[in-house]
Amino acid sequence: MNQFLTVAQEAAHQAGALLRDNWLKPKTIEVKTDIVDVVTNVDKAADALITNMLCTHFPTHQIIAEESAVSGQESPYRWYIDPLDGTTNFAHSFPHFCVSIALTHESQMIVGVVYDPLRDETFCASRGNGATLNGNPLHVSPAPTLDQALVLTGFPYDRRKRSEFYLRFYRAFMVRTQGVRRSGSAALDLCYVACGRADGFWEWRLHPWDTAAGSLIVEEAGGRISDFSDGRFDVNGEQTLASNGVIHQQMIAVLQEVIAAHPEERKLARIVYRE
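When you line the sequence shown up against the numbering used here, it's residues 159 to 433, in that order.
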């Protein structure tokens with residue numbers, strides 16, 4: 159386990175240095191599947207750096223990376239890489255983005271590393287060993303109720319087509335919490351829940367590389383992560399809900415209330431609804 163974590167940290171730091179050196183420089187920006195889904199030349203360079211390092215150290219492992227898809231043969235060990243989570247921020251030189259690297263064994267998350275190169279903050283976790291920030295143990299907040307909470311969210315790539323649907327959830331939390339923030343990096347959002355800077359987070363339709371590392375860091379920091387009906391969290395699922403644990407059921411109640419009020423959306427969104 160230590161070797162996995164050490165290599166993941168080194169890969170994240172090297173990729174992070176690349177991001178830090180280039181975030182204020184001109185970038186080549188390409189549109190992927192949608193006008194709001196972009197990739198830069200630096201994403202691709204960071205992806206190649208991490209993938210090459212992991213392949214060198216663990217040639218029998220499989221790697222799933224955002225920019226280079228799947229590499230390697232089937233293996234009980236599978237890495238999930240987001241070389242630059244917060245690409246839109248990075249493309250606009252907005253100072254909030256990170257590198258996210260996670261490892262699963264037989265579908266169980268066992269290692270997670272998220273590195274913020276501008277703040278030089280390394281969030282780490284390994285299964286059963288707790289979570290740390292720059293080597294110091296971290297823990298979720300003690301916020302007891304939703305009305306005392308700060309919560310985080312994001313909007314999926316289909317937000318231009320379904321803005322009203324997603325804004326219903328934003329509106330519901332806006333009037334029930336002390337604040338809602340949308341920062342543009344799901345991996346960092348999860349880490350901020352883990353270290354108590356925020357008390358909860360929800361988002362639709364994230365990818366496995368967005369949530370894999372952060373989900374373990376939240377759990378190992380004493381928090382909870384699930385889908386919107388309190389079902390088991392699935393990195394390949396469409397719903398991500400994380401919290402300090404104390405307000406988890408309160409957040410689920412809000413999500414379910416919005417879903418119940420708009421039954422016509424359930425089939426379209428493939429919603430899991432708790433009757």
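Positions of the beta carbon are idealized from the N, C-alpha and C atoms, including for glycine. Computed from a predicted model, the values in this text were never measured in an experiment.
Note down, in chain order, each residue of its chain lying with its Cβ closer than 6 angstroms to the Cβ of residue i, except the 5 sequence neighbours on either side.
| i | result |
| --- | --- |
| S229 | I221 |
| R382 | S401, G403, H406 |
| A289 | A283, L296, A352, I375, E378, A379 |
| F327 | V416 |
| L413 | F386 |
| Q167 | V271 |
| S384 | F391, L399 |
Give the DSSP-derived three-state secondary structure of residue i in the structure shown.
| i | result |
| --- | --- |
| C437 | Because the chain is modelled from 159 through 433, residue 437 falls outside the range shown and cannot be assessed. |
| N287 | coil |
| A330 | helix |
| N294 | strand |
| R178 | helix |
| T198 | strand |
| D274 | strand |
| V189 | strand |
Please name the residue or residues paired with residue i in a DSSP beta bridge.
| i | result |
| --- | --- |
| R236 | Q220, T262 |
| I383 | A400 |
| C256 | D243 |
| A227 | A223 |
| V269 | L261, S284 |
| V338 | V309 |
| R320 | Looking at the DSSP assignment, R320 forms no beta bridge with any residue, so it has no partner. |
Would you please state the rounded distance, in angstroms, between the beta carbons of residue i and residue j? I believe it to be under 8 angstroms.
| i | j | result |
| --- | --- | --- |
| Q408 | L304 | 4 angstroms |
| D240 | D347 | Not quite, the Cβ-Cβ distance comes to about 13 angstroms (not below 8 angstroms), so this is no contact. |
| T245 | D201 | 6 angstroms |
| E264 | P234 | 5 angstroms |
Please go through the same chain and pick out, in chain order, the residues whose beta-carbon is closer than 8 angstroms to the beta-carbon of residue i, but skip the five residues on each side of it.
| i | result |
| --- | --- |
| T186 | T198, N199 |
| H420 | F323, R326 |
Sorted by chain position, which residues of the same chain lie with C-beta nearer than 7 angstroms to residue i's C-beta, five sequence neighbours on each side aside?
| i | result |
| --- | --- |
| R355 | none |
Could you tell me which whole beta strand (DSSP E) segments of length 3 or greater appear in the region 352-381? Runs found: 358-362.
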